[in-house]
Amino acid sequence: MTSELFTRLVQEFSILSGLLLAGFFLRAKIKLFQNLFLPASVIGGFLGLLLGPVVLKTHAVLPIPDEFIKDFALIPGILILPIIASVPLGLGLDPMQTPLDKKQKSQVLPMFLLSVGCAFGLFALGFATKMVFSRIMPELEIYPAFGMELALGFFGGHGTAGLIGNILQKLNQPAWEVAQGVAVTSATVGLVFGILFGMIFINIAARKNKISNLTDPRDLPEEMRKGYQQRLDEQTAVCRETTHSSSVDSLALHVAIILGVCGVSYVLVAFLKAHHVPLLSNIAEWAYAIALMLIVNNIIKRLDLGFLIDGRIKTKFASLLVDYSIVAAIASLPVSAVLKYAVPMIVMFILGLLMVYLIIMVLGIRLFKDYEFERSIALFGQSTGVIMTGILLLRICDSNLSTPVLKDFSISYALATLVCYALLLPVIKLLPNSFAIFCLTGGVCAACIVGAVIYSRLKLRKE
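Its first residue numbered 0, the sequence shown is counted upward by one per residue in numbering that gives the first Met the number 0.
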């Protein structure tokens with residue numbers, strides 16, 4: 000990288016940082032943003048989009064150069080690799096974590112199956128929408144990957160919007176920027192309506208006395224609404240210092256492991272492509288990164304070096320990358336191209352919200368032995384927004400987090416994320432065969448839901 004290119008990179012991240020800070024300020028000051036719990040990265044991204052050259056063209060209030068906007072569109076697809084690579088790091092290594100007992104394991108499995116089933120149900124619904132509109136509105140010329148955005152946006156959130164851009168770029172698909180924009184839109188719709196409908200479900204459940212430790216949403220801590228903690232005695236430590244700074248900083252160690260795995264995955268893919276290895280050379284770097292990190296994590300565990308890894312440090316690093324990915328993805332969203340698909344998108348989003356409601360809030364709530372509503376509302380928030388949306392809704396139902404739901408939910412989410420990323424590979428390989436993808440993802444959805452129902456009937460009811 001030349002000095003000029005590096006300077007440009009710093010300038011671009013300076014702009015993204017300014018938008019992120021502006022989003023943080025607006026979240027702290029505007030009640031609407033507080034009530035919707037919109038992340039600062041989402042607010043800042045839309046600020047850059049609406050006031051920048053993408054929407055206002057030559058009349059932009061924020062005169063961001065066009066070449067910077069093009070680079071912004073690339074950033075999520077690049078940062079998604081270390082974000083995904085970080086997922087397996089630390090699994091089963093936390094020395095402070097007590098092992099799950101038999102009862103907890105029996106509750107985690109149905110939550111895991113419902114999470115995976117819901118995610119792949121969204122994939123199936125997305126591709127079904129694409130097939131229908133390709134027939135009734137052929138003038139749209141819907142691109143082959145349309146439909147993936149529903150699951151990636153709802154289940155993965157804004158952070159994984161870059162994944163579809165990365166995938167389609169590798170496949171030399173010209174519509175990757177549009178698909179990334181649709182995924183960002185999907186994530187925004189899921190986040191906003193997931194919170195709104197979640198609040199409605201909580202109020203209905205409260206009137207029916209179905210919640211054990213209810214907190215009035217209006218009584219949520221002010222710092223949670225505003226997005227910062229002003230009291231010093233209430234500010235929590237970010238992580239454990241697993242290393243001594245005289246050797247290496249703890250954050251630097253975790254980042255080195257994550258980026259090291261990313262580097263090896265790049266080298267591995269380049270080697271496989273150079274030698275034209277069948278099948279393996281067509282697998283994306285992020286898939287190898289997950290497999291390699293699982294191996295690294297297992298080595299760390301076998302060498303009894305788990306004390307060096309703190310999951311909170313990894314999460315903070317990944318969250319940092321996610322925030323910048325979100326700002327960049329939204330600020331570079333190709334509005335005019337995305338609006339071309341407004342009708343199928345609206346139908347897809349409405350049906351997606353309905354599907355999540357039916358799977359989680361109608362069926363799922365009947366499959367748990369205890370804290371039925373709390374478990375279901377957490378899964379609903381996760382399946383429409385991100386894990387933090389699920390935790391937010393759970394926090395309203397269980398303000399002190401005194402129930403075991405949060406721990407069970409966190410474990411099921413981690414496992415579901417790994418499985419979904421792994422099963423995403425055959426979905427990608429089947430592009431552009433929408434019907435085959437619909438059958439595959441619909442089959443996974445059905446298998447998971449049937450498995451959850453059978454397990455619940457045979458196992459939970461006996462305990």
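Glycine included, C-beta positions come from ideal geometry on N, C-alpha and C.
Here the structure is a predicted model, which is why all the values come from computation and not from measurement.
Quiz item: Taking His-253 as the reference, which of Thr-241, Phe-372, Pro-52 has the closest Cα?
Solution: As a first step, residue 253 must be located in the sequence shown, where it is residue number 254. In terms of Cα proximity to His-253, the closest of Thr-241, Phe-372, Pro-52 is Thr-241.
Quiz item: What runs of the beta strand (DSSP E), each 3 residues or longer, lie entirely inside the segment 321 to 362?
Solution: none
Self-check item: Contact between the segment 35 to 51 and the segment 324 to 333 (3+ Cβ pairs under 8 angstroms)
Solution: With a cut-off of 8 angstroms, the segment 324 to 333 and the segment 35 to 51 count as touching, because enough Cβ pairs lie within range.
Quiz item: Quick one: complete alpha helix (DSSP H) runs, 4+ long, within the segment 73 to 145?
Solution: 101 to 135
Exercise. Could you spell out the range, first to last residue, of the alpha helix (DSSP H) harbouring Ala-288?
Key: Translated into the one-based positions of the sequence shown, residue 288 becomes position 289. Unbroken alpha helix (DSSP H) run through Ala-288: 284 to 301.
Exercise. Starting from Val-177, trace the alpha helix (DSSP H) both ways and give me its first and last residue.
Key: Against the sequence shown, residue 177 aligns to sequence position 178. Val-177 -> alpha helix (DSSP H) spans 175 to 206.
Quiz prompt | CB of Ala-531 within 7 angstroms of CB of Ile-42, strictly | solution = The requested residue 531 is not part of the displayed model; the chain covers only 0 to 462.
Quiz prompt | Nearest residue (CA-CA) to Leu-88, options Ala-27, Phe-12, Thr-314 | solution = In the sequence shown, the residue the question calls residue 88 occupies position 89. Out of Ala-27, Phe-12, Thr-314, Thr-314 has the C-alpha closest to the C-alpha of Leu-88.
Practice problem: Under 6 angstroms Cβ to Cβ from Gln-228, same chain only, skipping five residues before and after it: list those, please. | Solution: The count along the sequence shown starts at 1 and reaches residue 228 at position 229. Excluding positions up to five away in sequence, the list reads Glu-222, Gln-234.
Self-check item: Integer-rounded CB distance, given that Leu-320 should sit under 8 angstroms from Ile-82
Solution: For the purposes of this step, residue 82 is taken as residue 83 along the sequence shown, with counting starting at 1. For the purposes of this step, residue 320 is taken as residue 321 along the sequence shown, with counting starting at 1. Ile-82 to Leu-320, Cβ: 5 angstroms. Contact.
Quiz item: What first and last residue would you give for the alpha helix (DSSP H) that runs through Gln-381?
Solution: Locating residue 381 in the sequence shown gives position 382, where the first residue counts as 1. 371 to 383 is the span of the alpha helix (DSSP H), which, as asked, contains Gln-381.
Quiz item: Can you tell me whether DSSP reads Gly-51 as helix, strand or coil?
Solution: On the sequence shown, position 52 is the one that residue 51 refers to. The answer is coil: DSSP assigns Gly-51 none of H, G, I, E or B.
Quiz item: Among Phe-111, Gly-125, Thr-1, Tyr-142, which residue has its Cα nearest to the Cα of Lys-339?
Solution: Working through the sequence shown from its first residue, we reach residue 339 at position 340. For the residues Phe-111, Gly-125, Thr-1, Tyr-142, the minimum Cα distance to Lys-339 belongs to Tyr-142.
Quiz prompt | Whole-angstrom distance between Phe-270 and Arg-394, CA atom to CA atom | solution = Within the sequence shown, numbered from 1, the residue matching residue 394 stands at position 395. Within the sequence shown, numbered from 1, the residue matching residue 270 stands at position 271. Straight-line Cα distance between these residues: approximately 48 angstroms.
Quiz item: Can you give the Cα-Cα distance for Phe-36 and Leu-279, rounded to whole angstroms?
Solution: The residue given as residue 36 occupies position 37 in the sequence shown. The residue given as residue 279 occupies position 280 in the sequence shown. Roughly 42 angstroms between the two C-alpha positions.
Quiz item: Taking just the CA atoms, how far does Gly-189 sit from Gly-351?
Solution: As a working note, residue 351 is residue 352 in the sequence shown. As a working note, residue 189 is residue 190 in the sequence shown. Each residue's Cα considered, the two are about 9 angstroms apart.
Practice problem: Compare the C-alpha of Tyr-287 against each of Glu-140, Ala-205, Glu-66, Val-86 and name the closest. | Solution: In the sequence shown, the residue the question calls residue 287 occupies position 288. Ranking Glu-140, Ala-205, Glu-66, Val-86 by Cα distance to Tyr-287 puts Val-86 first.
Quiz prompt | Contact set for Met-360: own chain, Cβ-Cβ below 7 angstroms, skip 5 residues either direction | solution = Here residue 360 refers to the residue found at position 361 when the sequence shown is read from its first residue. So the qualifying residues of the chain are Phe-200, Ser-375, Phe-379.
Quiz item: Whose C-beta lies closer than 7 angstroms to the C-beta of Leu-19 among residues of the same chain, with five residues either side of it excluded?
Solution: On the sequence shown, position 20 is the one that residue 19 refers to. Closer than 7 angstroms at Cβ, skipping near neighbours: Ala-39, Ser-40, Gly-43, Asp-322, Val-326.
Practice problem: Would you mind giving the Cβ-Cβ distance between Gln-106 and Phe-367, rounded to the nearest angstrom? I have them listed as a contact below 8 angstroms. | Solution: Stepping through the sequence shown from its first residue, residue 106 is reached at position 107. Stepping through the sequence shown from its first residue, residue 367 is reached at position 368. With a Cβ gap of about 7 angstroms, Gln-106 and Phe-367 count as contacting.
Quiz prompt | Backbone secondary structure at Gly-155 - three-state DSSP | solution = For the purposes of this step, residue 155 is taken as residue 156 along the sequence shown, with counting starting at 1. In the three-state reduction of the DSSP assignment, Gly-155 falls in the coil class.
Exercise. Please confirm whether Ile-436 and Ile-166 have their CB atoms less than 7 angstroms apart.
Key: In the sequence shown, residue 436 corresponds to position 437, counting from 1. In the sequence shown, residue 166 corresponds to position 167, counting from 1. Against a cut-off of 7 angstroms, the Cβ pair of Ile-166 and Ile-436 comes out as no contact.
Self-check item: Residues of its chain near Leu-121, where Cβ-Cβ distance is below 7 angstroms and the 5 sequence neighbours each way are ignored
Solution: The residue you call residue 121 lines up with position 122 of the sequence shown. So the qualifying residues of the chain are Leu-149, Ala-150, Phe-153, Phe-154, Gly-351, Met-354.
Quiz item: Are there 16 or more other CB atoms within 10 angstroms of the CB of Gly-262, so buried, or fewer, so exposed?
Solution: Start at 1 with the first residue of the sequence shown, and residue 262 comes out as number 263. The residue in question, Gly-262, is exposed, as its Cβ has fewer than 16 Cβ neighbours within 10 Å.
Quiz item: Relative to the C-alpha of Phe-316, which residue among Gly-193, Glu-66, Ile-79 is closest?
Solution: Mapped onto the sequence shown, residue 316 falls at position 317. Residue Ile-79 holds the alpha-carbon nearest to the alpha-carbon of Phe-316 among Gly-193, Glu-66, Ile-79.
Quiz prompt | 8 angstroms Cβ shell around Ile-299 - same chain, five flanking residues per side excluded | solution = Taking the first residue of the sequence shown as position 1, residue 299 is located at position 300. Same-chain partners within the cutoff: Leu-92, Gly-305, Leu-307, Ile-308.
Exercise. Indicate whether Ala-415 and Ser-114 have their beta-carbon atoms separated by less than 7 angstroms.
Key: One-based indexing of the sequence shown puts residue 415 at position 416. One-based indexing of the sequence shown puts residue 114 at position 115. With respect to Ser-114, Ala-415 sits close: the two C-beta atoms are nearer than 7 angstroms.
Exercise. Tell whether a beta-carbon distance below 7 angstroms holds between Thr-128 and Met-387.
Key: Counting from one through the sequence shown, the residue named residue 128 turns up at place 129. Counting from one through the sequence shown, the residue named residue 387 turns up at place 388. No, the Cβ-Cβ distance between Thr-128 and Met-387 is not below 7 angstroms.
Exercise. Under 8 angstroms by Cβ, that's how I've got Lys-169 and Ala-283 pegged, so tell me the actual separation to the nearest angstrom.
Key: Within the sequence shown, the letter at position 170 stands for residue 169. Within the sequence shown, the letter at position 284 stands for residue 283. With 8 angstroms as the limit, Lys-169 and Ala-283 qualify as a contact, their Cβ atoms being about 6 angstroms apart.
Quiz item: Along the chain, where does the alpha helix (DSSP H) that runs through Gln-33 open and close?
Solution: As a working note, residue 33 is residue 34 in the sequence shown. Note, Gln-33: alpha helix (DSSP H), 30 to 35.
Quiz item: Since Ala-160 and Ala-186 are thought to touch, with beta carbons under 8 angstroms apart, how far apart are those beta carbons, to the nearest angstrom?
Solution: Here residue 160 refers to the residue found at position 161 of the sequence shown. Here residue 186 refers to the residue found at position 187 of the sequence shown. Correct: roughly 6 angstroms between the Cβ atoms.
Self-check item: Contact check, Gly-146 vs Gly-125, beta carbons under 7 angstroms
Solution: Here residue 146 refers to the residue found at position 147 when the sequence shown is read from its first residue. Here residue 125 refers to the residue found at position 126 when the sequence shown is read from its first residue. In contact: Gly-146 and Gly-125 (Cβ atoms closer than 7 angstroms).
Quiz item: Does the beta carbon of Phe-348 sit closer than 7 angstroms to a beta carbon anywhere in chain B?
Solution: Looking at the structure shown, chain B is missing, and only one protein chain is on hand.
Practice problem: Taking 7 angstroms as the cut-off, decide whether the C-beta atoms of Ile-257 and Ala-84 are in contact. | Solution: Counting from one through the sequence shown, the residue named residue 257 turns up at place 258. Counting from one through the sequence shown, the residue named residue 84 turns up at place 85. Yes, the pair counts as a contact, with Cβ atoms nearer than the cut-off.
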